[in-house]
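Protein chains in written order, with our numbering: chain A, -10 to 372; chain B, -3 to 312. Glycine included, C-beta positions come from ideal geometry on N, C-alpha and C.
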Amino acid sequence: MKEKKSLLRNGGFQTFTTSIVCIILGMIVGFLALLIIEPSGAWGAIVAVIKNFFSYPSAAFRLQYFGSTLAKTAPLIFCSLSVLFAYKVGLFNIGAAGQYCLGIALALYLAIIVQLPWYICLLAGIAAGAISGALCGILKAFFNVNVVISGIMLNWISLYGTNLLLKPAMDPSGKDTFRLVNKAKQALLPTLGLDKLFNKNQYVTIAIPLAIIAAVVIWIILDKTKLGYELKATGNNLNAAKYCGMKENRNIVLTMVIAGGLAAMGGALYYLSDFEQWNVNASAVPGMGFNGIAAAFLGGLNPIGSIFSSYFITHITVGGGNVDLSRYCAQIADFISSVIIYLCGFVLFFKTFMNKRLDKAEEKKIARARAAAEAENKEGGNA
Amino acid sequence: MLLLVQYTLVFASVLLLVALGGCISEHSGVINLALEGIMVIGALGGALVMKFLPYTHGESSQFLMFICVLGAAVLFGVIYSTLLAFACINLKADQTIVGTALNMLGTALATVVVKSMNTAISPDDHSSEIKYIDAKKAFLTNVGDFELNWFMIVAVIMLVVAFVLLYKTKFGLRLRACGEHPQAAASVGISVFKMRWAGVLLSGLLGGLGGITYITVGVSTWKFENGVAGFGFLSLAVMIFGAWHPFKIAGAALLFGLFRALGNVYNGFDFLKALNIPSAVYNMLPYIVSLIVLAFTSKKSRAPKAEGIPYDKGMR
């Protein structure tokens, strides 16, 4: 007999609930921080963060800014996919930030200096990230170097490397690289008419559909293919995988190649859409890779979930720019998202807690049913 | 040349302090990836004191300033590390995720605090910088041409204290037992939770000290948006290279400190200047060196056996 499972027992539902709980708690902490900074405007500020583009009066504007938020979501989806893919194989790809930089570096260099078309820039960017990922994987597989530490080292190396490579592409009037519209039109990503859907927002490009396709592909690879099964087995128990004849070292390197390629693809696509330019004096790795970690965990380590969590994080980050800047600062959104990841660390705890409560409730129910049955038996005996 | 020695020693002090923190925490069984964030928060504590405590030249004022800055950095570091301890020890959370979250939170929190403070003082000021030009002089003493940073002495003291604590006391033996085989430790009546809490709080103390030392090297303003540029992680590399032993860590810290210092002072050497290598390469140097060193030293790692695994009473 198949027992009917309660909805609360469903793993997916539990993940969803814990993510929502994390978001709500994160928001409350953010609100408290705003209250401490300046109580009078705190409510307005948190509403501005949550509303983002909904706070614009005209519908056309709202649509345009919705497009911009989507354009910023796309690279985040790639970064979160990169993190979650590696995590499924037991590797914590904190190097996503550096791989993202390398994607940008190669793509912009080939676009502005060598004047190549967008698809070659994109492929070169992906290759750069994949190579960096491979290095990280090789260090782990053959030299037993902690992935987190080598990832961080590669982040800084990549940052300075990117600055060095893009220095010749700098617009002398500022510290940023040239805008592609002015210097490298051939490298602009095609929009396929998507821009017209969003009130002619030229930053809405094929990057957005590509991100969603990538999420679906990663989901298929992980859940529906032999490769995905092998990779996950390697992550769960390296020795068991080895014993079953899987090539564990190859799997680790391959995972990091894919993860690196994904993060770099995000970076290349974003900068080839010309939305932002690279600051060649950048002294910190862009936060995108780190936010990818947030998005991956908030999305319950599910590729499809990461689409929504990426959107949410971008939404509040962009919304952070809308707070009353004379009293608050935009980083309040970063603050909220880092609180959310901190809380995501407790997911396991939340789940065990929930299951324990359910177990107890069930035990009570069974005990009560048994007591009722016994009472009935007694009555039956008496009659 | 003297300048190179000076910078090497002071960067080595930073790395040594933070790596000792990581070392103690790992010996208790918790991987402290949040050192980067702890450094930022410790630096924030110290910088706030330097900004608001009035300072006049003179020995007593100098000493008071030093003690207060030190105290604030330690206090902030320890308080911040409770977030890690609570999550990783009591709630058995994944130490990598929590550590990463705390690193991001450290920078975000410090930026929010400093920016809102600056904006509150003057509404047009949206920077995330704290200036401490005068106050910094409190703990710098010139010995001839050599500028002695008092934190170098603190680092040396801490090195000795850490060694004695870990290898010459009952507490240290118990702490290390919890990192090697917590179930065995528990079976002879040691409270694993308490020992791990002690390990993490001590690493918060040392991380905070490292943070305040880092922001007094060569600069007198700090932009908190930038965090501490991966120094927390460099320290972990130093710790691994130093095979989790205080004195070996000290040696590793000197080596890494040297490479980091080259980036600051390479202009002072004619032959290095003549090579005309872009500054970005010097900036990369410590990270590249650490990667290479890690590749050669990680294979036969002497990490505490139970590090990174939450303690579960039921597993014996």
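Buried versus exposed call for residue i [16 or more other C-beta atoms within 10 Å across all chains shown]
| i | result |
| --- | --- |
| A:C233 | exposed |
| B:V160 | exposed |
| A:I180 | Looking at the sequence provided, one finds Thr at residue 180 of chain A rather than Ile. So A:T180 counts as buried. |
| A:W32 | exposed |
| B:L136 | exposed |
| A:M(-10) | Because A:M(-10) sits at a pLDDT of 42, beneath the cut-off of 50, its placement in the model cannot be relied upon, and the following sentence gives the value as read from the coordinates. A:M(-10) comes out exposed. |
| A:Q104 | exposed |
| A:I115 | buried |
| A:F50 | exposed |
| A:Y149 | buried |
Boundaries of the beta strand (DSSP E) in which residue i is found, first to last residue
| i | result |
| --- | --- |
| A:N(-1) | Looking at the DSSP string, A:N(-1) is not in any beta strand (DSSP E), and its letter there is neither H nor E. |
| A:K231 | Careful: A:K231 lies outside any beta strand (DSSP E), inside the alpha helix (DSSP H) at L227 to Y232. |
| A:E265 | Premise fails: A:E265 is in no beta strand (DSSP E) and is neither H nor E. |
| B:K47 | Careful: B:K47 lies outside any beta strand (DSSP E), inside the alpha helix (DSSP H) at L31 to F48. |
| B:E176 | Counting along the chain, B:E176 falls outside any beta strand (DSSP E), though it belongs to the alpha helix (DSSP H) covering K166 to E176. |
| A:I329 | From DSSP, A:I329 is part of no beta strand (DSSP E) but of the alpha helix (DSSP H) over I321 to C333. |
Under 8 Å between C-beta atoms of residue i and residue j
| i | j | result |
| --- | --- | --- |
| B:V94 | A:Y260 | no |
| A:A283 | A:I302 | yes |
| B:G204 | B:F72 | yes |
| A:A176 | A:F167 | no |
| B:G175 | B:S24 | yes |
| A:S327 | B:A69 | no |
| B:S231 | B:I20 | no |
| B:S286 | B:F252 | yes |
| B:N263 | B:G214 | no |
| A:N268 | A:D160 | no |
| B:C64 | B:P306 | no |
| A:A253 | A:A350 | no |
| A:G255 | A:P64 | yes |
| B:G102 | B:I37 | yes |
| A:A22 | A:A100 | no |
Spatially closest choice to residue i from the options, by CA coordinates
| i | options | result |
| --- | --- | --- |
| B:G41 | B:H177, B:Y210, B:A83 and B:T115 | B:Y210 |
| A:K185 | A:F55, A:K174 and A:L124 | A:F55 |
| B:L290 | A:F131, A:I109, A:I102 and A:S29 | A:F131 |
| B:D121 | A:A322, A:E352 and A:R316 | A:R316 |
| A:C90 | A:T58, A:K77, A:S44 and A:I141 | A:I141 |
| A:L314 | A:F335, A:A34, A:P28 and A:G217 | A:A34 |
| A:G289 | A:G30, A:L155, A:T62 and A:F74 | A:F74 |
| B:L44 | B:H53, B:A106, B:L29 and B:T78 | B:A106 |
| B:M46 | B:S57, B:M35, B:M61 and B:E32 | B:M61 |
| B:I126 | B:L(-1), B:A248, B:T212 and B:A8 | B:T212 |
| B:M280 | B:L162, B:G226 and B:L169 | B:G226 |
| B:F167 | B:M113, B:Q58, B:K190 and B:M154 | B:K190 |
| A:Y108 | A:N41, A:E237 and A:A96 | A:A96 |
| A:T223 | A:I66, A:V78 and A:S8 | A:V78 |
N-terminal and C-terminal residue of the alpha helix (DSSP H) that residue i is part of
| i | result |
| --- | --- |
| B:E143 | Segment F142 to N145 is the beta strand (DSSP E) holding B:E143; no alpha helix (DSSP H) there. |
| A:N152 | V136 to L155 |
| A:K61 | A48 to K77 |
| A:I120 | W107 to F132 |
| A:K213 | A196 to K213 |
| B:N99 | Q91 to I117 |
| B:A273 | The question names Ala, but residue 273 of chain B in the sequence shown is Ile. Segment: none, B:I273 is in no alpha helix (DSSP H) and carries neither H nor E. |
| B:I63 | E55 to A81 |
| A:K40 | A31 to K40 |
| B:V139 | Here B:V139 belongs to no alpha helix (DSSP H); instead the beta strand (DSSP E) covers L136 to V139. |
| B:W218 | Element bounds for B:W218: not the alpha helix (DSSP H) but the beta strand (DSSP E), T217 to K219. |
| B:E303 | Looking at the DSSP string, B:E303 is not in any alpha helix (DSSP H), and its letter there is neither H nor E. |
| B:K296 | No alpha helix (DSSP H) holds B:K296; DSSP gives it neither H nor E. |
Residue-level contact to chain A via CB, residue i, 8 Å cutoff
| i | result |
| --- | --- |
| B:A15 | no |
| B:A131 | no |
| B:M100 | yes |
| B:N279 | yes |
| B:F59 | no |
| B:K88 | yes |
| B:S77 | no |
Within-8 Å CB hit, residue i to chain B
| i | result |
| --- | --- |
| A:G334 | yes |
| A:N225 | no |
| A:W267 | no |
| A:N152 | yes |
| A:N133 | yes |
| A:L128 | yes |
| A:I9 | no |
Cβ of residue i within 8 Å of any chain C Cβ
| i | result |
| --- | --- |
| A:Q320 | This model lacks chain C altogether, as its protein chains are A and B. |
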